[in-house]
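For reference, the structure discussed in these notes is given below.
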Amino acid sequence: MDIAAQFGDNLVRARRSADMSQDELSVRASVHRTEISQLERGLRIARIDTLVKISGSLEVNPSDLLVGIVWSPGDVRRGQFREQGDG
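The number in my numbering is simply the position in the sequence shown, starting from 1, with 47 added.
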């Protein structure tokens with residue numbers, strides 16, 4: 048899964064639903080318009096403060112911009128003691 052692309056799709060959907068241009072969103076969120084464009088195109092991953100500014104400006108929950116992005120922890124290998132010299 049491409050996290051940046053999924054976030055970008057979610058951002059475009061939320062911005063259009065709010066009937067807002069990239070310029071208007073950038074002013075409201077205090078984020079440069081080129082960053083909004085890069086986020087929407089999946090060229091950049093949002094920092095947490097940017098996520099909060101954008102979601103607040105769009106009046107959506109931050110989780111709405113994270114829909115479809117999940118994390119599955121990897122397997123954990125258990126350590127073990129062994130005698131010195133066993134490699």
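For every residue, glycine included, the Cβ atom is placed at its ideal position computed from N, Cα and C.
- About 7 Å separates the CB atoms of residue 54 and residue 116; that is less than 8 Å, so the two are in contact.
- Separation of residue 70 and residue 80 (C-alpha to C-alpha, rounded to the nearest whole angstrom) is 6 Å.
- Closest in alpha carbon position to residue 87, among 121, 113 and 123, is 113.
- DSSP places residue 76 within a helical segment (H, G or I) once states are collapsed to three.
- The Cβ atoms of residue 62 and residue 90 do not sit closer than 8 Å to each other.
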